[in-house]
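Trainee: Using this note's numbering, read the sequence shown as starting at 68 and increasing by one per residue.
Every residue, glycine too, gets a C-beta built ideally from N, C-alpha and C.
Remember, it's a predicted structure, so these values are computed and weren't measured experimentally.
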Amino acid sequence: MKSITQISSFLSLVFLLGCHSNKINPNDKPNIIIIYTDDLGYGDVSAYQKGILNTPNIDKLANEGIKFTNGYSSSATCSPSRYALLTGTYPWRKAGLRVITGGGLSIDTLKMTIPKMLKLSGYHTGIVGKWHLGLGKGSDKYGKGMDYNSLIYPGPNQLGFDYSHIMPDTQDRVPTVYIENGMLVNSDPNDPLEVHFKNNFEGEPTGKDNPELLTMRWEHGHNASIVNGIPRIGYMRGGKRARWSDIDMADHFLNKAQKFIKLNKSKPFFLYYALQQPHVPRTPHPRFEGKSGMGPRGDVIVEADWCIGEFYKTLESEGLLENTLIIFSSDNGPVLNDGYYDDAVEKLGDHTPSGGLRGGKYSLFEAGTRVPFIAYWKGKIKSNISDEIISQVDLFNSISSIVGSSLKSKDGIDLSNLIIDNKGRGRDELILEASTRTAYRNGDWVMIPPYHGKEIAKNVNIELGNSKEFKLYNLKKDPSQKNDLSKSNPKKLKEMISNFIIIRGKNFSNIKDLVLE
Ligand code: NG6
Ligand code: CA
Numbered sequence: 068m069k070s071i072t073q074i075s076s077f078l079s080l081v082f083l084l085g086c087h088s089n090k091i092n093p094n095d096k097p098n099i100i101i102i103y104t105d106d107l108g109y110g111d112v113s114a115y116q117k118g119i120l121n122t123p124n125i126d127k128l129a130n131e132g133i134k135f136t137n138g139y140s141s142s143a144t145c146s147p148s149r150y151a152l153l154t155g156t157y158p159w160r161k162a163g164l165r166v167i168t169g170g171g172l173s174i175d176t177l178k179m180t181i182p183k184m185l186k187l188s189g190y191h192t193g194i195v196g197k198w199h200l201g202l203g204k205g206s207d208k209y210g211k212g213m214d215y216n217s218l219i220y221p222g223p224n225q226l227g228f229d230y231s232h233i234m235p236d237t238q239d240r241v242p243t244v245y246i247e248n249g250m251l252v253n254s255d256p257n258d259p260l261e262v263h264f265k266n267n268f269e270g271e272p273t274g275k276d277n278p279e280l281l282t283m284r285w286e287h288g289h290n291a292s293i294v295n296g297i298p299r300i301g302y303m304r305g306g307k308r309a310r311w312s313d314i315d316m317a318d319h320f321l322n323k324a325q326k327f328i329k330l331n332k333s334k335p336f337f338l339y340y341a342l343q344q345p346h347v348p349r350t351p352h353p354r355f356e357g358k359s360g361m362g363p364r365g366d367v368i369v370e371a372d373w374c375i376g377e378f379y380k381t382l383e384s385e386g387l388l389e390n391t392l393i394i395f396s397s398d399n400g401p402v403l404n405d406g407y408y409d410d411a412v413e414k415l416g417d418h419t420p421s422g423g424l425r426g427g428k429y430s431l432f433e434a435g436t437r438v439p440f441i442a443y444w445k446g447k448i449k450s451n452i453s454d455e456i457i458s459q460v461d462l463f464n465s466i467s468s469i470v471g472s473s474l475k476s477k478d479g480i481d482l483s484n485l486i487i488d489n490k491g492r493g494r495d496e497l498i499l500e501a502s503t504r505t506a507y508r509n510g511d512w513v514m515i516p517p518y519h520g521k522e523i524a525k526n527v528n529i530e531l532g533n534s535k536e537f538k539l540y541n542l543k544k545d546p547s548q549k550n551d552l553s554k555s556n557p558k559k560l561k562e563m564i565s566n567f568i569i570i571r572g573k574n575f576s577n578i579k580d581l582v583l584e
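1. Please write down, chain order preserved, every residue whose beta carbon lies under 7 Å from a heavy atom of ligand 1.
2. According to the neighbour-count rule (16 or more other Cβ atoms, all chains shown, within 10 Å of its Cβ), is N526 buried or exposed?
3. Tell me whether the beta-carbon of V438 lies closer than 8 Å to the beta-carbon of Y150.
4. According to DSSP, is Y115 helix, strand or coil?
5. Could you check if A162 is buried or exposed, using at least 16 other CB atoms within 10 Å of its CB as the buried criterion?
6. Please return the same chain residues whose Cβ sits closer than 8 Å to the Cβ of D551, not counting the five positions on each side in sequence.
7. Smallest Cα separation from P345: which of I441, T104 and K96?
8. Nearest by alpha-carbon distance to I375: which of L560, A341 and R354 is it?
9. Okay, do the region 166 to 176 and the region 484 to 500 touch, 3+ Cβ pairs below 8 Å being the bar?
10. Which class does N509 belong to by DSSP, given the choice of helix, strand or coil?
11. Does DSSP classify A162 as helix, strand or coil?
12. From S231 to G193, what does the alpha carbon distance come to, in whole angstroms?
13. Just list the beta strand (DSSP E) runs in the region 118 to 201, keeping only unbroken ones of 3 residues or longer that don't cross its boundaries, in chain order.
14. To the nearest angstrom, how far is it from the Cα of P353 to the Cα of D318?
15. Across the region 506 to 518 and the region 272 to 284, are there enough close Cβ pairs to call them in contact, namely three or more that are closer than 8 Å?
16. What does the alpha-carbon distance come out to for the pair K447 and L388?
17. Could you check what DSSP says for S76 in three-state terms: helix, strand or coil?
18. Is DSSP giving F378 helix, strand or coil here?
19. Can you give the Cα-Cα distance for L382 and I328, rounded to whole angstroms?
20. Straight-line CA distance for T503 to K543?
21. Do the region 180 to 194 and the region 421 to 431 touch if we need at least three Cβ pairs shorter than 8 Å?
22. In this structure, how does DSSP classify Y429 when only helix, strand and coil are distinguished?
23. Can you list the beta strand (DSSP E) stretches of 3 or more residues lying completely in the region 297 to 352, in chain order?
24. Using beta-carbon positions only, say whether I125 and F395 come within less than 8 Å of one another.
25. Could you pull out every residue in the same chain whose Cβ sits closer than 7 Å to the Cβ of G288, ignoring the five residues on either side in sequence?
26. If you follow the alpha helix (DSSP H) that F567 is in, where does it begin and where does it stop?
27. Where do the ends of the alpha helix (DSSP H) carrying I486 lie?
28. Given a cut-off of 8 Å on the beta-carbon distance, is the pair V166 and T243 in contact?
29. Since I219 contacts L202 with CB under 8 Å, what's their CB separation in whole angstroms?
30. If you count every other CB in all the chains shown that lies within 10 Å of the CB of E261, and 16 or more means buried, which is it?
31. For the alpha helix (DSSP H) containing S396, list its first residue and its last residue.
32. For S292, which residues of its own chain have a beta-carbon under 6 Å away from its beta-carbon, when the five flanking residues on both sides are left out?
33. If you follow the alpha helix (DSSP H) that R468 is in, where does it begin and where does it stop?
34. Assuming the contact rule is C-beta atoms closer than 8 Å, S467 and K475 should be a hit. Round their C-beta distance to whole Å, please.
35. Can you give me the C-alpha to C-alpha distance between S453 and I486, rounded to a whole angstrom?
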């Protein structure tokens, strides 16, 4: 009998050890923070590519946490990526979702989101920074009909955020104001804010007609209203007191993020801290000017890295690091000239923002969506490098599992074991997206279907991934996608196309072109 008891306790011990995981007790809910940069490339973080540009604070998260080398944003542009990040749904499922310019809220308020899921799990939720998912009920396509002077509804607070302090679209789009919990910050009833995306307001200067007023010159687009000497996309009038200061934006968002943490540290919180750098217009605070030797683009990356360091110090001094999961990533790949003369090309030197990947922002090639992707949790996540495939669309399911919620999104995979313990496999397959075009990754292989349109976007000088023919690459052997294997490996191509169709289904408008004879 004794031996049976011994055997059974030995077996339970083996069972317990076998099941041992670093999994979190759902009663100890960790704080969750997503730090999200705008247009930061795979090679812009020095932990990903040692070089001339240094990002010591992001490197700390990467080197002491888990650094994913095959981490993806869900799109090569901003709004679709942010849509997928918050909903766990691929952006191409929402027909026509592209970069938003003054449009209505792009996520249905009935849809489940990360902040809603976390609220249901007892979290206090907040967003500070760039929103770019639309606001209000929608207006005409030129933004007319949107009233910024009363409650702006619906917005982030209707998608699960208890607190929101946001830039509505981008730093280069009007209105150049902050909105807090649906209200224009520093509004003035005697000077209402008006916005239009087609026609100027009478008598207002523009970048096109008044170059003498500019402190930053536009190169393409960006020639409408002038705010702080910078010409923008779209026209605005009034709201003078509410206009942001571009050079103070980084400090502004940092202060709000720090304040949110200090105010909410006694309960589990979720903070989505969405930095505006290094998107155009690149406006480093004077104390960062010249710091990178690479012009404003490099300087704002140094500035963003500094913000992350300061933010980290706040978590440390508040004693929160051991109970906080930090995810760091970027919404899409890098671009140099995105519409202003700011020396991004001229002063780049030997730095390669894409880290040797092909393409960039807007592209179906890897640099469009392969981005820095880091998970950090002091004392919990061990220092690791993972080559597994992970996408931002997986964050919903993974975070849900970490906090003990049973809610799951449509397209995400629960990769919490990978994130926390570096255990298990990542995704087998993934749909990549760029301006509504889609491609397919499976294991080491990528297949890009044929698409009409220019091969290179001239203004930004980026290869978009458009071609008359299918393209097939093996990323393990050929990370910079130089060798198209579609002709030499028709079997693999056919298999990739069939798998792609299974996910992409009949929604895919090019489907007839995809069936190989
Ligand atoms: C483009 C803008 C570009 C940038 C982008 C959105 C022009 C010519 N180009 O339309 O400057 O604002 O939209 O970038 O206007 S994103 O990162 O928010 O997706
Ligand atoms: Ca972006």
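Mentor: Per the coordinate set shown:
1. D105, D106, T144, C145, S146, V166, H199, T237, D239, R240, H287, G288, H289, I300, H346, V347, D398, N399, D405, G406, K428 and N526
2. exposed
3. no
4. In this structure, DSSP gives Y115 a state outside helix and strand, which the three-state scheme calls coil.
5. Answer is exposed; the Cβ neighbour count stays below 16.
6. K538, L539 and Y540
7. T104
8. A341
9. no
10. Note: N509 maps to strand in three-state DSSP.
11. coil
12. C-alpha separation (whole angstroms): 6 Å.
13. 133 to 139 and 191 to 197
14. 12 Å
15. no
16. C-alpha separation (whole angstroms): 10 Å.
17. With a pLDDT of only 47 at S76, under 50, the local geometry of the prediction cannot be trusted, and the value read off the model is given with reservation. Of the three classes helix, strand and coil, the one that applies to S76 here is helix, per DSSP.
18. helix
19. 8 Å
20. 26 Å
21. no
22. coil
23. 302 to 304 and 336 to 341
24. yes
25. I300 and G406
26. P557 to R571
27. S483 to D488
28. no
29. 5 Å
30. buried
31. That residue, S396, is in no alpha helix (DSSP H); its beta strand (DSSP E) goes T391 to S397.
32. V241, R299, Y302 and M303
33. The sequence shown places Ser at residue 468, rather than the Arg named in the question. Note, S468: alpha helix (DSSP H), L462 to I469.
34. The C-beta distance from S467 to K475 rounds to 6 Å, short enough to meet the 8 Å contact threshold.
35. 9 Å
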